[in-house]
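With numbering that gives the first Met the number 0, the residue at position 273 of the sequence shown is 272, and numbering never jumps. Inspection log for the structure reproduced underneath, given as structure tokens.
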Amino acid sequence: MLKDDDKQKELAEKLSEFSLQAKEREAKLLAEKSGNEYLNLSIISPQTQALELISEEQAKSAFCAPFLLKGKEVSLACKDSGMEATKLVIQGLERSGFKVKIYIVSELSLKGMWENYKLVTLGQKEITGKIDINADNLAQLQTKMSNLNELKEEINKFQSPYTSQILEIILAGALAIDASDVHIEAEEKAGRLRYRIDGALQDIYDLTPLHYRSVLSRIKLLSGMKINVHSAAQDGRFTIRTKEYPIEIRVSIIPSAYGETVVMRILNPKSIQLKLEDLGFRADDLAIVDEQVKRPNGIILNTGPTGSGKTTTLYAFLRKIYDPEMKIITVEDPVEYHIDGITQTQVDVKRDYTFANGLRSILRQDPDVILVGEIRDNETAEIAMNAALTGHLVFSTLHTNEAAGTIPRLLDMKIQPAILSAALNMAIAQRLTRKLCQHCKQKRKLEPNEKENIKKFLEQMPSRVKKPELNESAEVCDAKEGGCDKCNFTGYKGRVAIVELLLVDKNIQEMMNQLQTPTMPALKEAAMKAGMVTMEQDAVLKVLAGTTSISEVETVLGEFI
């Protein structure tokens with residue numbers, strides 16, 4: 000028998016459910032009358048960049064919310080598209096060049112969507128400059144500058160009156176050659192232009208002092224920096240508008256001995272559109288990743304030094320598991336690339352939106368999957384672990400050299416062994432190494448000592464790995480000295496990940512729960528016995544496949560072959 004209080008509670012819940020259903024029916028009827036589609040927003044995870052198109056105040060006063068942005072098409076949820084305030088919002092978006100797709104939703108549904116404005120980082124710097132490069136012009140520039148020599152020829156054509164064109168050529172050249180960063184360094188008699196290509200800096204051109212000063216002023220103007228400040232560091236950003244997508248440029252300027260040094264980081268969205276196969280994950284490791292990212296809860300950590308591709312890999316995980324019925328939220332520092340369908344938030348210390356506080360806010364949004372840009376302290380680590388234990392799948396990064404180093408590092412952060420052993424599903428370690436140019440790489444036979452060392456690595460690999468035969472005529476490849484025009488005369492083109500995956504099995508869980516903290520060598524040995532392929536072993540497989548060279552992997556991992 001139910002008590003009176005229980006009966007009243009049950010009745011209230013039923014009345015509330017009926018009320019919700021009635022409001023959704025009303026929204027459906029209005030959608031039919033207006034000729035628009037009906038939508039239930041409770042199953043939608045909005046994009047941060049879509050919400051940022053209008054302010055929270057505008058959204059609430061007009062009873063609407065933009066929730067999805069695909070190119071120049073924005074999906075707008077409205078209570079009633081015929082309301083005057085809503086019409087003004089639609090007109091404003093259309094004047095800004097957007098095609099607006101309208102959905103009719105219930106007011107209750109909208110209120111839930113407005114809650115996501117709490118996760119929009121309003122303190123981000125506004126993009127202050129824009130360089131509009133015509134798509135045809137950009138394609139033409141890229142055709143002209145398929146290698147570094149052609150880029151130098153294009154710069155040589157312009158003299159001092161054409162400073163803005165020179166900057167456009169520098170940026171278009173960087174895009175054409177897939178550079179990740181542009182460096183302009185003040186020297187005694189010139190401004191040295193360098194590109195970072197596949198992780199390595201390459202000298203491009205020596206700008207005249209006049210060109211250097213003019214380009215520096217132009218960059219400062221675009222980035223919203225103070226032109227007359229030369230003795231202090233400044234940060235800014237601007238955007239290149241192309242036909243396909245905007246490309247953000249983050250700028251850092253510091254004073255140096257002969258002037259100011261500029262670094263422009265190119266955040267090209269195409270650089271994160273890679274699948275795990277494209278990143279270099281082997282088929283047997285992909286099978287493990289597939290299994291782990293489909294788990295409903297737990298934490299997966301990716302480790303490695305800065306610039307080793309950790310975040311790109313985690314983004315690939317998110318794209319792999321994304322489903323419209325799934326709510327995925329991130330807290331990053333900063334948000335460098337936007338992913339469709341995922342709510343991304345940015346750390347803002349001034350607003351006390353740290354990794355830890357951001358993670359707390361995210362948990363109140365009922366997410367299925369959470370990405371934390373980096374675990375830096377005990378507070379963030381504890382919240383992430385508890386989230387992993389309470390029905391959430393969590394991805395994050397950690398600074399350690401090897402996958403086995405993840406466990407001692409987290410125990411040093413005072414994470415309880417029992418919590419860590421239950422929460423941690425997998426630890427990944429990775430590095431990026433340059434790929435040999437497929438047009439000019441040169442084959443050679445293995446040296447006897449190389450063959451002997453490689454043989455030992457192959458013998459230690461688990462049976463799940465498909466091992467190549469190491470016969471008398473076994474060959475590897477080296478970079479051609481001087482390269483070719485396809486690889487900008489370096490012998491290398493593109494990069495590939497060298498990875499190791501440590502799965503937390505019962506044995507490793509028991510090691511974590513011991514009174515004494517397990518050592519990294521002991522953990523690595525246990526993981527290898529359970530079937531882990533180390534980064535060195537993965538590198539050997541990629542060398543034997545002709546993907547990279549022995550000298551290149553030893554530059555990244557140290558001498559081991």
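Beta carbons are placed, not taken as given, at the ideal position from N, Cα and C, and that holds for glycine. Treat the numbers as computed from the prediction; the structure is a model and nothing was measured.
| Of the residues Arg430, Arg24, Lys117, Leu278, the one placed nearest Leu50, counting alpha carbons only | Lys117
Q.
Which residue marks the beginning of the beta strand (DSSP E) containing His182, and which one marks its end?
A. 180–185
Enclosing alpha helix (DSSP H) for Ser255 [first to last residue]: No alpha helix (DSSP H) contains Ser255, which is instead part of the beta strand (DSSP E) from 245–255.
Review point. Comparing alpha-carbon positions, which option in Asn424, Pro268, Ala231, Met519 lies nearest Thr238?
Key: Pro268
Among residues of its own chain, excluding the 5 on either side of Gln123, which ones have a beta-carbon nearer than 7 Å to its beta-carbon?
Low confidence applies to Gln123: its pLDDT is 41, below 50, so where it sits in the model is not reliable enough to give any reading.
Exercise for the section: On a CA-only basis, which of Lys505, Gly96, Lys100 is nearest Thr85? Give me that one, please. Expected result: Lys100
Residue ranges of each beta strand (DSSP E) run of no fewer than 3 residues wholly in the stretch 248–322, ordered along the chain?
258–266, 297–302
Item to complete: Excluding the 5 residues preceding and the 5 following Lys309 in the sequence, name in chain order all residues of the same chain whose CB lies nearer than 6 Å to its CB.
Response: Asn301, Gly303, Thr396
Going by DSSP, what residues sit across from Pro425 in a beta bridge?
Looking at the sequence shown, residue 425 is not Pro but Met. Ile299, Leu502.
Ala199, buried or exposed, once every other Cβ within 10 Å from all chains shown has been counted against 16
exposed
On the criterion of 16 or more Cβ atoms from any shown chain inside 10 Å, does His438 qualify as buried, or is it exposed? exposed
Q. Between Ile560 and the rest of its own chain, which residues show a CB-CB distance below 6 Å, the 5 nearest in sequence each way excluded?
A. Glu449, Asn452, Ile549
For Tyr204, I'd like the list of residues in its chain whose CB is within less than 6 Å of its CB, leaving aside the five on either flank, ordered along the chain.
Lys151, Ile154, Leu192
Check: Relative to the C-alpha of Asn146, which residue among Glu167, Gln164, Ala171, Leu166 is closest?
Finding: Ala171
In the structure shown, what three-state DSSP assignment does Lys100 receive? strand
query = Near Pro160, which residues of its chain fall below 8 Å by C-beta distance, leaving aside the five closest residues on each side in sequence?
reply = For Pro160, the predicted model reports a pLDDT of 46, less than 50, meaning its position is unreliable and no value from the coordinates is stated.
Residue closest to Pro520, alpha-carbon to alpha-carbon, out of Lys143, Phe66, Leu501 | Leu501
### DSSP-derived helix/strand/coil call for Thr342
strand
Between the Cα of Ala58 and the Cα atoms of His210, Val555, Leu87, Pro517, which residue gives the shortest distance? Leu87
- prompt: In this structure, what does DSSP give as the bridge partners for Lys69?
  reply: Glu72
Check the C-beta distance from Asn377 over to Lys413 and give it rounded, since I have them as a contact under 8 Å. 5 Å
Along the chain, where does the beta strand (DSSP E) containing Leu370 start, and where does it finish?
368–371
Quick test of your reading: Tyr257 and Ala185, contact by CB under 8 Å. State the CB separation rounded to the nearest angstrom. 4 Å
#### Entry: For Cys476: DSSP bridge partner residues
Lys442
- Message: Measuring CB atoms only, is the stretch 282–292 touching the stretch 350–362, in the sense that at least three cross pairs come out at less than 8 Å?
- Response: no
*Per the contact definition of three or more C-beta pairs closer than 8 Å, is the stretch 318–331 in contact with the stretch 400–419?*
no
Checklist entry - Which residues in the same chain as Gly493 place their Cβ atom closer than 7 Å to its Cβ, once the five residues preceding and following it in sequence are excluded? => result Asp197, Lys434
| said: Once DSSP output is grouped into helix, strand and coil, what is the label at Val206? | reply: Here the sequence assigns Leu to residue 206, which means Val is not the residue at that position. Three-state DSSP puts Leu206 in a strand.
When burial is assigned at 16 or more other CB atoms within 10 Å of the CB, is Gln90 buried or exposed?
exposed
### Query
In whole angstroms, what is the alpha-carbon distance linking Lys225 and Ile253?
13 Å
**Q.** Status (buried if at least 16 other CB within 10 Å, exposed otherwise) for Glu331
**A.** buried
Report the option in Gly70, Lys71, Leu92 whose CA atom is closest to the CA atom of Ala64. Leu92
Worksheet item: CB Thr399 to CB Val552, shorter than 7 Å?
Response: no
Exercise. DSSP three-state call for Thr127: helix, strand or coil?
Worked result: Note that Thr127 scores 47 on pLDDT, short of 50, meaning its location in the model is unreliable; the coordinates nonetheless yield the value given after this. Note: Thr127 maps to coil in three-state DSSP.
TODO: With a cut-off of 8 Å on the beta carbons, I'd call Asn39 and Thr342 a contact; round off their distance for me.
DONE: Not a contact, Cβ separation roughly 17 Å.
* Asked: Once you ignore the five residues that flank Lys541 on each side, which residues in its own chain have a CB closer than 8 Å to its CB?
  -> Gly279, Thr432, Val495, Ile497, Thr547, Val552
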